[in-house]
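Peer 1:
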Amino acid sequence: MKKFITLIFAFVFLTAKSVTPPDEGMWLPILLGNNQTEMMAKGCKLTAEQIYSINNSSIKDAIVWFGGGCTGEVMSNEGLVFTNHHCGYGSINELRFNKGKNRDLLEDGYWAKSKAEEISAPGLSVAFVREMRDVSELVQSKLKGVSETERATKLQEIYKALIADATKENKYEGLIREFFSGNAYYLFLMERYTDLRLVGTPPWSIGKFGGETDNWMWPRHTGDFSIWRIYANKDNKPAKYAADNVPYQPKHFLPVSIKGYKPGDFTMIMGFPGSTKRYEFSKGIQYRTDIFDPHAVAERKIRLDEWKVAMNESKENNQRLNASWAGLANYWKNWDGEKRDLLKNNTAETKRIQEAEFEKWAANKPEYSSIIADMNALYNSYLPISIQIPLTLNEGLMAAKLASLALSFSALDTMLTKNDTAGIRKMVTQLKANDSTIYSTFIASADKRIFGRLLDYYYQNCPAEQRLEFINNLISKYKGATPLASFQKYADMVYSKSLFGSKEKFDAFLANPTLKKLRKDPAYIHISAIYSNYLTKYKPAIDLFNAKYSTLNRLYIKGLMEMQKGKAFYPDANSTMRLTYGAIEDYDPKDAVKYMYYTTLDGAIEKYIPGNEEFNLPKELIDLYNKKDYGRYAMKDGKMPIAFLTNNDITGGNSGSPVLNAEGELIGLAFDGNWEAMSGNYNFDPKLKRTICVDVRYVLFCIDKLGGATNIINELKITQ
Ligand code: ARG
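Each residue of the sequence shown is one higher than the one before, starting from 970 at the first, in my numbering.
1. Look at the Cβ atom of residue 1248, then the Cβ atom of residue 1525, and state whether they are nearer than 8 Å.
2. Check whether the Cβ of residue 1035 sits closer than 7 Å to any heavy atom of ligand 3, and report yes or no.
3. Looking at residue 1201 and residue 1142, is the spacing between their C-beta atoms short of 8 Å?
4. Measure the alpha-carbon distance for residue 1297 versus residue 1397 and round it to whole angstroms.
5. The beta strand (DSSP E) spanning residue 1518 covers which residue range?
6. Is the beta carbon of residue 1547 sitting closer than 8 Å to the one on residue 997?
7. When you compare only the Cα positions, how much space is there between residue 1677 and residue 1226?
8. Count the C-beta pairs between the segment 1154-1170 and the segment 1047-1064 that are closer than 8 Å, then say yes if the count reaches three, no if not.
9. Take residue 1679 and list the residues in its own chain whose beta-carbon comes closer than 6 Å to its own, dropping the five residues that flank it on each side.
10. For residue 985, which residues from the same chain have a beta carbon less than 8 Å from its beta carbon, with the 5 sequence-adjacent residues on both sides left out?
11. Given residue 1180, which residues of its chain have a CB within under 6 Å of its CB, disregarding the five upstream and five downstream residues?
12. Taking 6 Å as the limit, name every residue whose beta carbon sits nearer than that to some heavy atom of ligand 1, in sequence order.
13. Please state the DSSP three-state secondary structure of residue 1237.
14. Pull up the CB-CB distance for residue 1426 and residue 1267, whole angstroms please, since I reckon it's below 8 Å.
15. I believe residue 1569 touches residue 1636 by the beta-carbon criterion, under 8 Å. Please report the beta-carbon distance rounded to the nearest angstrom.
16. What are the boundary residues of the beta strand (DSSP E) that residue 1195 is part of?
17. Determine the contact status of residue 1345 and residue 1246, defining contact as a CB-CB distance below 8 Å.
18. Rounding to the nearest angstrom, what Cα-Cα distance links residue 1375 and residue 1369 in this structure?
19. For residue 1032, report the span of its beta strand (DSSP E) as first-last.
20. Measure the beta-carbon distance from residue 1549 to residue 1618 and round it to whole angstroms, keeping in mind my assumption that it falls under 8 Å.
21. Tell me whether residue 1547 sits in a helix, a strand or coil according to DSSP, three-state version.
22. Terminal residues of the continuous alpha helix (DSSP H) containing residue 915?
23. Rounded to whole angstroms, what is the Cα-Cα separation between residue 987 and residue 1035?
24. Evaluate contact between the segment 1304-1314 and the segment 1644-1656, counting only Cβ atoms and requiring at least three cross-stretch pairs below 8 Å.
25. Could you give the first and the last residue of the continuous beta strand (DSSP E) run that contains residue 1169?
26. Going by DSSP in three states, residue 1644 sits in which element: helix, strand or coil?
27. Kindly indicate which residue of 1412, 1404, 1457 has the alpha-carbon position closest to the one of residue 1428.
28. Please classify residue 1394: is it buried, with 16 or more other beta-carbons within 10 angstroms of its beta-carbon, or exposed?
29. Below 8 Å on the Cβ atoms is my contact criterion, and I expect residue 1261 with residue 1359 to pass it. Report the Cβ-Cβ distance as a whole number of Å.
30. Taking the continuous alpha helix (DSSP H) assigned at residue 947, which residues delimit it?
31. So residue 1563 is in the beta strand (DSSP E); what residue range does that whole segment cover?
32. Residue 1286: which of 1409, 1232, 1339 sits nearest, CA to CA?
33. Roughly how many angstroms separate the alpha carbons of residue 1503 and residue 1299, rounded to a whole number?
34. Could you compute how far the alpha carbon of residue 1028 sits from the alpha carbon of residue 1021?
35. Just grab the DSSP bridge partners of residue 1159 for me.
36. Give a yes or no on whether the C-beta atoms belonging to residue 1040 and residue 1241 are separated by under 8 Å.
Structure below.
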């Protein structure tokens, strides 16, 4: 397999045209040698070895997987890390409750003026990629003769053995991921540091400026950054928090350029994009537009609305829910836009045309000839039950906190049944240790309304033949004027009687947990009925679908690569380190409208609404604006830049990623995609898809002029 892939990339190398090719693709840095010519043609001054090397320090040594869902970059030889504000605000939110400091870190911002003022963030970690290895042949040789239904289980075994072998002489975390739906496998050796400390964050009004109204939108004026430091033990190795840990010394850190940029200038972004499905079938697009997206969006709206009611009730509620609410709102808006754009751009039809071409090519090739027909048949039987995913799981009936919390007690049920005292004790300790976190975002009144409304949503949208009998029966049993009224009455009963209805009750139950009490709990009875129905009636079919899907998708991609020899194929995002290259570029969002490629502080002031929850600004910033006191961070025309656009190919997970110029200097941080290209996970449209980045000059201006943290500025290597 390795050779196969190399061959494909070698072809690109030979056929690379001198004209600027589209910037689609999230490339594996390990295979970069093959993209070198194209990158050079676009202006890149770095060699593949300078970007990724195992033996020498390279840019990859300055990139971290931040908190498991974002990207960060090391900015000094003392382990200073930049990432997005929205990647760190969950942690900052936790800190504001357990620090004795008389200061709201999230609301007011924070700047440590010395290392002693940095604040430890338990639970946060970053991981470096120390090495990537192609293990395709190893994995595939062990998969020979394994059936598609056994494949997933067998893969876990293979991964476990390979990882054990690769990590027996080091302290790395091993990770193996499937690429091209299983046409290739790579092993990643990651080194995780767990002593992270908050160094600086702008006030919420800057870091989150524009709120949900501006989210996924251009023109943008958000100072979406925060600053952290990695600490290590005396040997520069990962260690648990200790007061005498020392700043981590990286193999490489990124220099900063405040020289600016112009359209066409080379840009590259390295980071950990989470998930794309660029090789999806037309029927898979139909699943998104007809099933998942519309239902998940409607269900999230219920949660968002009810939380908002609670947040408006008190400042305390607002503080408790704010960060989580923004997280929910983020993908609520994303999925809504995704559905709209997949339909508007006719993505399913585009895929159908590709499938027809493939079928023509495959007609006399027995290995490939029936893939499309098989996939259509597979989806035809799957689509009707696939509605259970949004209706029952995370976005559906399990989205009420009480429901998911009760479900997590099924493990305790098993142990109580077995009378496994050690197991019980362990589980109780675990649950107790987390009770504050669990209940920090639990507001019973709001959760109860969500519980009732999600039941009603399920009742209204689940096809009658799939609907659970016990849910139907609640209507006659509770005799409300409407089904919703019945569900709300039922919810009243569940929430008043459940052992999990408040932190106090929860702790009281854990002090003396018995099977009898657990099995009598109405929330537990409720969710157990729903989940066991899902497990017996739907999960086996869904698992089978996934197994068959992955077999067909694997063959399809293999066939596409044969069919389009000479075309560069890049693997879908899967939270592994990738590189995308492109340039600074504006776009035309619609008829008669042209968007500039950068925004300035003038625009933030235009949007400013005093006291508004989305468009407020700190007084200090407005003072600086009035004095035009931007120091060396202003552009030549004296304005303060805030955000800019590139045509790089990124997705969720890239948040916080460094945007580098041709010399490998940081010019900004990627933080969003744009509203006109929300179908981007399925289809890359070079005319419309852009990456939204915060300009590093604005970041430095905030640190220096607003925060007065010259200590941070002095650590950076700045070229101007
Ligand atoms: N849409 C951006 C992302 O997914 C920002 C998310 C946070 N901001 C927000 N307004 N919820 O990376």
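From the three backbone atoms N, C-alpha and C, an ideal C-beta is built for every residue, glycine too.
Peer 2: Put simply:
1. Their beta carbons are under 8 Å apart, which means residue 1248 touches residue 1525 by this criterion.
2. Ligand 3 is not part of this structure, which contains only ligand 1.
3. Contact: no.
4. Cα to Cα, residue 1297 sits roughly 29 Å from residue 1397.
5. Note, residue 1518: premise wrong, no beta strand (DSSP E); alpha helix (DSSP H) at 1508-1532.
6. Closer than 8 Å, so yes.
7. The straight-line gap from Cα to Cα measures roughly 20 Å.
8. With the cut-off at 8 Å, the segment 1154-1170 and the segment 1047-1064 touch.
9. There are no such residues.
10. Residue placement at residue 985 is flagged as unreliable, the pLDDT there being 38, under the threshold of 50; the coordinate-derived value follows with that caveat. Cβ within range, chain order: 1006, 1007, 1010.
11. Cβ within range, chain order: 1583.
12. Taking every residue with its beta carbon within less than 6 Å of a heavy atom belonging to ligand 1 gives, in chain order, 1055, 1180, 1181, 1184, 1185, 1295, 1298, 1299, 1621, 1624, 1640, 1641.
13. It is a strand residue.
14. About 7 Å separates the beta carbon of residue 1426 from that of residue 1267, a gap short enough to meet the 8 Å contact definition.
15. Not confirmed; about 16 Å, so no contact.
16. Per DSSP, residue 1195 belongs to the beta strand (DSSP E) from 1195-1201.
17. Taking the C-beta atoms as reference points, residue 1246 is found no nearer than 8 Å to residue 1345.
18. Residue 1369 has its alpha-carbon roughly 10 Å from the corresponding atom of residue 1375.
19. Judged by DSSP secondary structure, residue 1032 falls within the beta strand (DSSP E) whose first and last residues are 1032-1035.
20. Indeed, because the Cβ distance is near 5 Å, the residues count as touching under 8 Å.
21. Three-state DSSP puts residue 1547 in a strand.
22. Since the first residue shown for the chain is 970 and the last is 1689, residue 915 is missing from the structure and cannot be characterised.
23. At residue 987, the pLDDT of 36 sits below 50, so the modelled position is not reliable; the number obtained from the coordinates is stated separately. Cα to Cα, the separation comes out at about 36 Å.
24. Between the segment 1304-1314 and the segment 1644-1656 there are three or more C-beta pairs closer than 8 Å, enough to call the two in contact.
25. Residue 1169: member of the beta strand (DSSP E) spanning 1164-1170, first to last residue.
26. Three-state DSSP puts residue 1644 in a helix.
27. Put simply, of 1412, 1404, 1457 the residue whose alpha carbon is nearest the alpha carbon of residue 1428 is 1457.
28. Per the 10 Å Cβ criterion, exposed.
29. A Cβ-Cβ distance of about 5 Å is found for the pair residue 1261 and residue 1359, placing them in contact under the 8 Å criterion.
30. Residue 947 lies beyond the stretch modelled for the chain, which goes from 970 to 1689, so this question has no answer here.
31. Residues 1562-1564.
32. Minimum Cα distance to residue 1286 is reached at 1409.
33. Roughly 28 Å separates the two Cα atoms.
34. Their backbone Cα atoms lie some 6 Å apart in a straight line.
35. The bridge partners DSSP lists for residue 1159 are 1098, 1142.
36. With contacts defined by Cβ atoms closer than 8 Å, residue 1040 and residue 1241 form a contacting pair.
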